[in-house]
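**Student:** After the structure tokens below, expect a handful of questions from me.
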Amino acid sequence: MIQRICKKLTKHRWLKLWAYSEGLEPTEYHYKCRICRGAFWSYDAPTRQKDIKRLEAWRSEPDSYKNNSPTKPSEWY
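Going letter by letter, the sequence shown gives residues 215 to 291 in this note's numbering.
Take a look at the structure:
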């Protein structure tokens with residue numbers, strides 16, 4: 215119900231990048247709405263500056279951490 219209202223009022227404008235697929239082509243980017251917590255995915259690369267920085271930080275992390283978890287636990291919510 216909340217997701218429908220959020221979609222009508224805001225069209226889920228406030229999305230946060232929280233994961234991406236690694237090793238798959240094309241790359242899937244996973245987003246969460248900051249208001250209703252709805253989950254979405256897209257093949258389009260992120261355009262928000264914060265999301266681009268977050269993606270670069272994830273890609274520069276050591277491989278051992280990437281194999282354990284696709285995202286940082288502090289950024290799940």
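Glycine is no exception: its CB is placed at the ideal position from the N, C-alpha and C atoms.
For clarity, every value in this text was computed on a predicted model and none was experimentally measured.
(1) Express the C-alpha separation of lysine 225 and aspartate 265 in angstroms, rounding to a whole number.
(2) Can you check which of these residues, Gln263, Ala259, Arg268, Met215, is closest to threonine 241 by C-alpha distance?
(3) Note down the Cα distance separating arginine 251 from lysine 222, rounded to an integer number of angstroms.
(4) So within the segment 233 to 281, which uninterrupted alpha helix (DSSP H) runs reach at least 4 residues, ignoring any that extend past its ends?
(5) How big is the Cα-Cα spacing for histidine 244 and leucine 231?
(6) Quick check on lysine 222: does DSSP put it in helix, strand or coil?
**Tutor:** Taking the geometry as given:
(1) 19 Å
(2) Ala259
(3) 15 Å
(4) 263 to 273
(5) 6 Å
(6) helix
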